[in-house]
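Trainee:
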Amino acid sequence: MARTDTLKLGTFVYTFGFHPAAWLHPGSDVTGANNIDHMIKVAQISEAACLDFMFFADSPAAAVGHPEALARQPTKMNRFEPITAITALSMVTESLGFVATASTSYYEPYNIARLFASADHISGGRICWNVVTSDHDETGYNYNRQGLDPHADRYDRGEEFLDVVLGLWDSWEDDALLLDRENGVYHDKDKLHTLDHVGKHFQVRGPLNIARTPQGRPVIAQAGGSERGRELAARTAEVVFSLASNIDKNKAFYADVKGRMGKYGRDPSDLKIMPGIVVNVGETRAEAEARAQEMVDVMHPEVGLLMLQEFLETDLHGADLDQPFPMDRMPAKAKGSVAMFEGVKEFVEQGHTLRELITHYARQHTGNGLTGSYIEVADYMQEWFEAEAADGFILMCPTLPSSLEDFTRLVVPELRRRGLFRDAYEGKTLRENLGLSFPVNRYAAARDAAE
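In the UniProt record's numbering, the protein residues as written are 1 to 451.
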């Protein structure tokens with residue numbers, strides 16, 4: 001059966017681009033880490049092409065590792081806090097959505113509920129919270145911990161945290177504000193609700209001291225390929241940033257997660273599964289390959305080694321780059337993303353050298369990478385979309401803004417020619433443009449059911 005919807009597309013934002021050597025490329029802005037004009041340009045390119053959102057990844061810590069490598073890789077060393085950045089960018093755009101990452105491990109639910117609701121009001125309903133539990137030890141050291149809490153503990157806290165935030169966002173019913181000057185009544189007292197949450201990790205009375213937002217509440221995004229991550233996505237997520245490395249794996253992931261939604265009373269159309277994909281595109285495949293190789297050539301090996309060590313949390317210094325990966329230094333299990341760890345382990349088990357793994361991980365460490373002509377890129381996206389392996393893609397542009405300009409100049413017109421992507425935004429809110437339903441307020445629903 002042919003799909004009646006169209007692709008969703010988002011711009012993934014690391015300051016200079018997704019590739020760790022992007023800051024060296026002339027197509028990026030070397031001052032961009034502390035220059036909002038750089039981010040404004042990326043936002044304007046994205047909005048002009050009618051992309052759905054800009055997606056800000058984040059980790060609340062500077063990277064740790066060998067000083068020489070850190071001096072060559074600025075991505076985690078110097079960047080804007082994302083909630084601040086998206087609020088500023090919403091003031092110079094009209095329809096583009098914004099996704100900001102914030103960790104349930106290091107905030108309190110009331111803070112997150114208030115920050116994101118405020119940003120959603122300021123933007124006119126174009127904000128999304130990417131819910132993470134954090135996945136690197138260095139974050140914990142900044143928040144009264146000795147490294148990262150165990151995976152199960154982070155998920156326990158994270159699930160309760162998210163439930164509390166969703167409850168706080170329901171504090172005000174949609175029509176609670178009366179604004180009645182004649183009678184001096186600002187809000188309907190029967191439509192403002194106290195949460196009174198008491199749980200294992202949190203005690204939160206409420207209510208939230210900011211009213212319901214233009215899109216009901218911010219959109220919820222998350223990533224995670226673990227069993228608990230899939231179940232949480234089926235229950236709460238509206239955008240899922242998936243990490244599967246091929247169409248068959250992502251098709252299975254897509255069917256699995258959407259297949260779980262019914263038991264929570266949710267329609268599968270209210271969840272958009274969007275794999276992250278590193279895109280090197282050109283007029284021809286040869287042009288795209290040359291661009292990809294250019295980034296590999298300028299990356300210092302110490303930078304690639306730092307990335308691997310950070311992810312695997314193992315010491316690789318002194319290992320021979322031209323020998324197979326030393327399996328005695330491979331962790332027994334993932335400390336961070338399970339899906340990403342399995343992808344790295346699978347590549348290593350094929351017998352590749354450490355140098356080859358460095359290159360592979362740098363080019364596509366979401367597990368998914370594509371280098372080709374604009375026709376090939378469009379073919380790839382169409383195949384995944386029509387096979388129900390994806391509802392869209394999050395574009396991991398190797399350099400910003402140049403790689404994004406290439407994609408919007410070459411691929412977007414081809415997708416439109418095929419009827420796969422919009423010519424104009426459908427609405428003003430992110431929820432409208434993603435094709436998500438307006439969330440029902442729990443208290444209004446309970447009252448309606450009782451009548």
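The beta carbon of each residue, even a glycine, is placed where N, CA and C say it ideally should be.
The structure displayed is predicted, hence computed values, not measured ones.
Grouping DSSP H, G and I as helix and E and B as strand, with all else coil, what is VAL92?
Mentor: Three-state DSSP puts VAL92 in coil, outside helix and strand.
Trainee: Look up GLY276 in the DSSP assignment and say whether it is helix, strand or coil.
Mentor: strand
Trainee: Straight-line CA distance for PRO207 to ARG217?
Mentor: 15 Å
Trainee: My understanding is that ARG205 touches GLU231, with C-beta atoms under 8 Å, so please give their C-beta distance in whole angstroms.
Mentor: At roughly 28 Å, the Cβ-Cβ gap does not stay under 8 Å, so ARG205 and GLU231 are not in contact.
Trainee: In whole angstroms, what separates the C-alpha of PHE311 from that of ASP175?
Mentor: 47 Å
Trainee: Using alpha carbons as the reference points, say which of GLU313, PRO331 and PHE347 lies closest to PRO324.
Mentor: The option with the nearest alpha carbon to PRO324 is PHE347.
Trainee: Starting from PHE56, trace the beta strand (DSSP E) in both directions and tell me its first and last residue.
Mentor: 53-56
Trainee: Can the beta-carbon of PHE393 be found closer than 9 Å to that of GLY276?
Mentor: Going by C-beta atoms, PHE393 is nearer than 9 Å to GLY276.
Trainee: Give the straight-line distance between the Cα atoms of PHE341 and LYS333, rounded to the nearest whole angstrom.
Mentor: So the two alpha carbons sit approximately 8 Å from each other.
Trainee: How about VAL344 and VAL377: do their beta carbons lie closer than 9 Å?
Mentor: no
Trainee: Could you check whether the stretch 185-193 touches the stretch 245-260, counting it as contact only if at least three pairs of C-beta atoms, one from each stretch, sit closer than 8 Å?
Mentor: The stretch 185-193 vs the stretch 245-260: no contact.
Trainee: Near VAL164, which residues of its chain fall below 6 Å by C-beta distance, leaving aside the five closest residues on each side in sequence?
Mentor: PRO109, HIS197, PHE202 and VAL204
Trainee: Please tell me whether ALA113 and ASP58 are closer than 9 Å, where the distance is taken between their beta carbons.
Mentor: no
Trainee: Quick check: the Cα distance between MET396 and ASN441, rounded to an integer number of angstroms?
Mentor: 35 Å
Trainee: Counting C-beta neighbours from all protein chains within 10 Å, is the total for MET77 16 or more, i.e. buried, or is it exposed?
Mentor: exposed
Trainee: Hey, LYS8 and MET307 are a contact pair by Cβ (cut 8 Å); roughly how many whole angstroms apart?
Mentor: Not quite, the Cβ-Cβ distance comes to about 28 Å (not below 8 Å), so this is no contact.
Trainee: Can you tell which of GLY304, PHE12, LEU321 and ALA211 has its C-alpha closest to the C-alpha of LEU115?
Mentor: ALA211
Trainee: When the Cβ atoms of the stretch 30-40 are set against those of the stretch 284-299, are three or more pairs found closer than 8 Å?
Mentor: These segments do not touch.
Trainee: Leaving out the 5 sequence neighbours to the left and right, which residues in its chain are closer than 6 Å to GLU383 when beta-carbon positions are compared?
Mentor: The beta carbon of GLU383 lies closer than 6 Å to none in the same chain, with the five residues before and after it left out.
Trainee: In chain order, what residues of the same chain have a beta carbon less than 7 Å from the beta carbon of residue 456, not counting five sequence neighbours either side?
Mentor: There is simply no residue 456 to check, as the chain begins at 1 and stops at 451 in what is shown.
Trainee: Rounded to the nearest angstrom, what separates TYR254 and ALA2 at their Cα positions?
Mentor: Spanning the alpha carbons of TYR254 and ALA2 requires a straight line of approximately 17 Å.
Trainee: Can you tell me whether TRP172 is buried or exposed, with buried defined as 16 or more other CB within 10 angstroms of its CB?
Mentor: buried
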